[in-house]
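Colleague:
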Amino acid sequence: MLVETIATFGLMFFLFSVGVKMDTGMMVVPERKAMAISISVTFFTLALTSLLSVVLKKCVTMDASLAQSLTFIAASQCLTPFPNIACLLTELKILNTDLGRLAISSAMFCDILGISLTAVGFALAHNTDGSADGSVQTSVLACLSIIAFLVAIVYVIRPVVLWILRRTPEGEPHFVLGPLIFGLAVPDGPPLGSALTTKLDSLVTGLLYPTYLTVSGLQTNIFKINFQSSWIVFAMVFFASLVKIGAVILPACCSNMSVREAIIVGLMLNARGICELMVYNLWKKGNILNDQEFALAVISVIGVTAIITPLIRYLYDPSKLHVPTKRRTIQQARRDPELRIMHFFSSSLLAGPPPVLVAHQSQHQPQRTLETSNSWSNHIINALRQYELQNKGCASVQSFSCIAHFNTMHEDIYRVANDQTSTILIVPFHKQWAIDGSIGSVNRAIRTMNIKILDTAPCSVGILVDRGILSGSLTILNNRSVYHVAVIYISGADDGEALCYGARMAKHRYVTLTVIRFLLFGCHNARERKLDNDLIDEVRYDNVGNKGFLYKEEVVRDGVGLASSIKPLENRCDLIVVGRHHQESPLLLGLDAWSECPELGVIGDMLASPDHVSTASVLVVQQQKVGAKLLAHSSKQVFNDTGRREVFG
């Protein structure tokens, strides 16, 4: 009894936590495609499975108890709970994909329909009055009490909570309905929603939620099942799953979705979990299901989940959607007057709504106002818009806000980079500097994301080591007269990309560019040097007459000489641009022995090291990898003596 009480208490907290995390806007006003799928899935599944239950009761001999409960089991198949689908998609790491978002949005609207039908079903199921008039009156009063409870939550409790929030600095229905609806009334996201979910998640997911699942398992007696009853219930569940998939395909045909994508979304919406177990437990306590039917219902939940999970993994691999097929590099686009740069900023949220990708005002809108909210992201958006206004006619800015987990955020980055045909993607280094020159903070999640992006990005990539706080250049609106940029050129495709990016910067009237080419003493590799010479000569020719452009060569004997030659640049420049990979050269021998961040390459890691006292920011550039031998899925990964992974074509 004690364990069951704890389990029930845990279920209440779980439903409250789910309600806080849900975005009521997506529930009440979903996109048109999601609404069509939700209505189709809910009502087609309810109608056809109920019809099948009637046919089975008339045509198949079964126990009287099973015949009575078969209609309820059939009706339960129309439920498409948001928590089940969110948990499944999170486990499969496809929550923030296009189909994942569509499934989540559809499930949220399905929840409105499902909760309404379930509430009415409970009101009718618990009606035990013997008279017909009493039955109708009791059912109507039960439904009205639920409606009154909803109205009180929405129009009384929620305004009170919002009133409290505005004055707080930042930083008898069944028990099942109360926590969920009250959770929905609590505003999602910071400050209140985030704080609540952060404090509750460990307790709920670590103790209370597993306790409820354990109690459900203990109450499941598989030895009560007979074969005839099992095939009837399993046939019902299998039919309902097919109907859900078919109900998704129907509206998908009218919305430019492929049949394959519709089948995948249908499989996602077939996810089963704690919500079905909750309903079956309530029906068992209400004597709607006996031990045999309860066991069959629980096994059906486990069976459907075990089948659809590997099917979704097999049919849907979002990483294949972003495999590059065209060259998108600065070196290739150096003759193109337009350069599309995608810059990524990140901020950690304690908790929030489901993953979402939002495009702010389009660049084609003539009137673009500043964001008035005081959030961190709006400060960034406003700064970029101010930069656009200061450089009107020369630069245009399109801002996107994305809410996603770090382990899947690179998928959203790829999607935007592909949609905007970006030439280079710039991401932040995972370490941030304090004002005294020491490391202020380290974000391991960003480092993991950066490594994924370097491996599979659809365009060239730059990792920015920002030391602006040390030089006083904290904003793109800084009114400095001249910005000094240096490009370090040794050899290789990445150095060529860095050189071409620096050449684009040199066209700005307030930028001076110094290109330093390091040559190995006594080396005369004619073929490689000719390729490098051709690119350098072209860049020099394009900057004839540009007083802000300087090119020089330095001959060094080894890595020590290279490091000594680079050191004077560190405090004479605002930004140093360098390639990530270089061709094998004696110049680099020994420099990677103390490498801490191989994602920066040998030179980039040396420049970004806190041991090097410097105020210059560093941009490490990697050219896009395209082609059969250079694609991420077929690249050859080589580990050198230091254990550092390199990717070669």
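Oh and the sequence shown: position 626 is 626 in full-length UniProt numbering, straight run, nothing missing. From the three backbone atoms N, C-alpha and C, an ideal C-beta is built for every residue, glycine too.
1) According to DSSP, is G171 helix, strand or coil?
2) Considering just the uninterrupted stretch of the alpha helix (DSSP H) at R260, what are its terminal residues?
3) When the Cα atoms are used, what is the spatial distance from S460 to E338?
4) By alpha-carbon positions, which one of R557, I576, M268 ends up nearest to G522?
5) Tell me the DSSP secondary structure of residue 652 in three-state form.
6) Using 10 angstroms around the beta-carbon of I263, count the other beta-carbons present and answer buried if the total reaches 16, otherwise exposed.
7) I435: buried (16+ other C-beta within 10 angstroms of its C-beta) or exposed?
8) Within its chain, find whatever has a CB closer than 8 Å to the CB of T220; leave out the 5 residues flanking it on each side and keep chain order.
9) Quick check: K244 and V60, are their CB atoms within less than 8 Å of each other?
10) Using three-state DSSP, classify S76 as helix, strand or coil.
11) Please classify H405: does DSSP put it in a helix, a strand, or coil?
12) Exposed or buried, what is K58 when buried is set at 16 or more other beta-carbons lying within 10 Å of its beta-carbon?
13) By a C-beta neighbour count over all protein chains shown, 10 Å radius and 16 as the cutoff for buried, is W231 buried or exposed?
14) The alpha helix (DSSP H) with S230 in it runs from where to where?
15) Cα separation between P610 and I603?
16) For the putative contact between H430 and V416, defined by C-beta atoms under 8 Å, what is the C-beta separation to the nearest angstrom?
17) Can you tell me whether L631 is helix, strand or coil according to DSSP?
18) E570 to I488, Cα distance in whole Å?
19) For a quick check, are the C-beta atoms of I424 and A486 less than 8 Å apart?
20) Could you tell me the alpha carbon to alpha carbon distance between Q68 and I288, rounded to whole angstroms?
21) Out of R580, R517, V301, S346, state which residue places its alpha-carbon closest to the alpha-carbon of S401.
22) Please state whether DSSP places S300 in a helix, a strand or coil.
23) Put S617 into one of helix, strand or coil per three-state DSSP.
24) Going by the beta-carbon positions, is the gap between S53 and L79 smaller than 8 Å?
25) Using the C-alpha atoms, what's the distance from T615 back to residue 657?
26) How many whole angstroms separate the CB atoms of L562 and I463, which I take to be in contact at a CB cut-off of 8 Å?
27) So, for F344: in the same chain, excluding its five sequence neighbours on each side, which residues have a beta-carbon less than 8 Å away from its beta-carbon?
28) Going by DSSP, which residues form a beta bridge with G462?
29) If contacts are defined as beta-carbon pairs under 8 Å, then Q77 and A240 qualify, I think. What distance do you get, rounded to the angstrom?
30) With 16 as the cutoff for other CB atoms within 10 Å, does R572 come out buried or exposed?
31) How far does the beta strand (DSSP E) with Y489 in it reach, from first residue to last?
32) Considering only the beta carbon of each residue, do V555 and L587 sit closer than 8 Å?
33) Would you kindly check if the distance between the Cβ of V544 and the Cβ of A503 is under 8 Å?
34) Closer than 8 Å by C-beta to Y510: which residues in its own chain qualify, once you throw out the five before and the five after it? Chain order, please.
35) Would you mind sorting R260 into buried or exposed? The rule is 16 or more other CB atoms within 10 Å of its CB.
36) Could you please give me the residues that DSSP links to F549 through a beta bridge?
Modeller: Looking at the atomic coordinates:
1) The predicted position of G171 is uncertain, since its pLDDT is 41 and thus under 50; a value taken from the coordinates is nonetheless stated next. In this structure, G171 counts as coil in the three-state DSSP scheme.
2) 259 to 268
3) 15 Å
4) R557
5) With the chain represented from 1 up to 649, any question about residue 652 goes unanswered, as that position is not in the structure.
6) A buried status is given to I263, since no fewer than 16 other beta-carbon atoms sit within 10 Å of its beta-carbon.
7) exposed
8) F294, A295, V298, I299
9) no
10) Of the three classes helix, strand and coil, the one that applies to S76 here is helix, per DSSP.
11) coil
12) exposed
13) exposed
14) 227 to 252
15) Rounded to the nearest angstrom, the two C-alpha atoms are 14 Å apart.
16) Their Cβ separation, rounded to whole angstroms, is 21 Å, which puts H430 and V416 out of contact at 8 Å.
17) Confidence in L631 is poor, its pLDDT being 40 and thus under 50, which makes the residue's placement unreliable; the coordinate value appears in the next sentence. If DSSP states are grouped into helix, strand and coil, L631 belongs with coil.
18) 12 Å
19) Taking 8 Å as the Cβ cut-off, I424 and A486 do not qualify as a contacting pair.
20) Pairing Q68 with I288, the inter-Cα distance amounts to about 8 Å.
21) Comparing Cα positions, the closest option is S346.
22) helix
23) strand
24) no
25) The requested residue 657 does not occur in the structure, where the chain is confined to residues 1 to 649.
26) Incorrect: roughly 21 Å between the Cβ atoms, too far for contact.
27) I413, L425, I426, V427, P428
28) I426, V621
29) 3 Å
30) exposed
31) 483 to 489
32) no
33) no
34) R480, S481, V482, Y483
35) exposed
36) Paired residues: L513.
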